[in-house]
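Asks: If you want the numbering used here, it's the 1-based position in the sequence shown plus 246.
Heads up, the beta-carbon is just placed ideally off N, CA and C, and yes, glycines get one too.
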Amino acid sequence: MTRNFTIALIMVVGTLSLSAQKIITVDNSEGSAAQFDDLQTAIFSAEDGDILYIHPSEIDYGNIIVNKGLTLIGFAHSDPDKETSIARINLDENSSNSRFSGLHVKGNFYVGESRSSATLSNITIENCRIDGTMDFPTANVDNVTIRGSIFYHLGTTSNYTNALITNNIITGNLYVKNYQSVNIRNNLFLNGSVRNLGYRTGTITIQNSILYTSGGSRNWNYDGVVFENCMTHAVNGSNHVPLAGTNNIDNIDPQFVDDTERPGYYNELTDDFHLKQGSLAIDAGVSGEDIGLYDGSGFTFNNFGYTGGIPTVKITAMTTTVAPGNNINVTINAQNH
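(1) If you draw a straight line from the alpha carbon of Lys268 to that of Gly448, how long is it in whole angstroms?
(2) Alpha carbons only, please: which of Leu457, Val472, Ser275 and Leu434 is nearest the one belonging to Ile450?
(3) Which term fits Thr492, buried or exposed, when burial requires 16 or more other beta carbons within 10 angstroms of its beta carbon?
(4) Could you spell out the range, first to last residue, of the alpha helix (DSSP H) harbouring Ser291?
(5) Can you give me the start and stop residues for the beta strand (DSSP E) that Tyr356 sits inside?
(6) Helix or strand or just coil, what does DSSP make of Gln426?
(7) With DSSP as the reference, label Glu474 as helix, strand or coil.
(8) Spatial neighbours of Arg441 within its chain, please: C-beta separation below 6 Å, excluding the five flanking residues on both sides.
(9) Thr317 bridges to which residues according to DSSP?
(10) Where do the N-terminal and C-terminal ends of the beta strand (DSSP E) with Thr459 fall, by residue?
(11) Would you mind sorting Arg431 into buried or exposed? The rule is 16 or more other CB atoms within 10 Å of its CB.
(12) Would you kindly work out how many angstroms separate the C-alpha atoms of Gln453 and Ile411, rounded to a whole number?
(13) Have a look at the DSSP bridge pairing and note the partners of Asn419.
(14) Give a yes or no on whether the C-beta atoms belonging to Gly394 and Asn424 are separated by under 8 Å.
Structure below.
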């Protein structure tokens, strides 16, 4: 019942706001009423500009290749009840103008892995969780946005330009090659680092970000990387080496609303990285915005990876026993994100 109702709501939203594109539903759950049960088949059947709504499932959707400009929207990457998970994503040539949201990618997210030298443009990755490496090894990618996501490692050979990397939780290393056109701001680094692969010819500036570790003193400063209006903190009270750059706040607790379950590590069920009243990170950004994930912009990070503008629908209560001929009482909660 929940699945069918969710499909109906999503299709209404898509029809109203994106009537020019075809809406395709995908669900590999048993008994699904979706148009496709195999995601790769749905992709091959789609046309440029189509939107694929991929329903949550206990089974991941396997490895996929995207070879045209599509929008892939999942239910969530970390919903405690159900998530939309994909084993691996590869963007091949002709996949310009693609957008990905609400997906848990358990492996790698690669662009140009087929050794295509094509230049892609307008790639958006938001509200996703990527457990493996996200990399752009061969194809050039212009105008890429990575926001509201949780990722471990963003590429050692990535060749992207005009990139915006913002409002993310980064748990590993962020490598930057074309520092001239990459904007990195309002991220939360948990025990990770930032490296500039082009440091011999210039520097990259990290803005409005919090660099937060579970313990131990460390030096965040690497060649060709400077920090502006950033904050550092070690949970165990160790002092980091002061950041290279300007207007930084070194070795001060940002005072998150809740990071008590396992400080310095990410737990989507308990962590709340909003700032408490009185935090020195409030209004301390480059333009007076907050430092950290929540900068007051039109995009808002959420722990579970729900896509903005798409409602989530859940049954919160249901009659467990019903006499023959009587009605089943169901309480449904719908929330727009």
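Replies: Concretely, from the data shown:
(1) Their Cα atoms are separated by approximately 45 Å.
(2) Closest option to Ile450, Cα to Cα, is Val472.
(3) Residue environment: Thr492 is assigned as exposed (fewer than 16 neighbouring CB atoms within 10 Å of its CB, all protein chains considered).
(4) First-last of the alpha helix (DSSP H) with Ser291: Leu285 to Ser291.
(5) Note, Tyr356: beta strand (DSSP E), Phe355 to Val357.
(6) If DSSP states are grouped into helix, strand and coil, Gln426 belongs with the helices.
(7) Looking at Glu474 - three-state DSSP - the assignment turns out to be strand.
(8) Setting aside the 5 residues that flank it on each side, Arg441 is surrounded in the same chain by Tyr421 and Tyr468, each with a C-beta closer than 6 Å to its C-beta; the list follows chain order.
(9) BP columns for Thr317 point to Ile297 and Arg345.
(10) Run containing Thr459: Ile456 to Thr459, per the beta strand (DSSP E) assignment.
(11) Buried: at least 16 other Cβ atoms inside 10 Å.
(12) Rounded to whole angstroms, Gln453 to Ile411 spans 11 Å at the Cα level.
(13) Looking at the DSSP assignment, Asn419 forms a beta bridge with Ser439.
(14) No, Cβ-Cβ distance for Gly394 and Asn424 is not below 8 Å.
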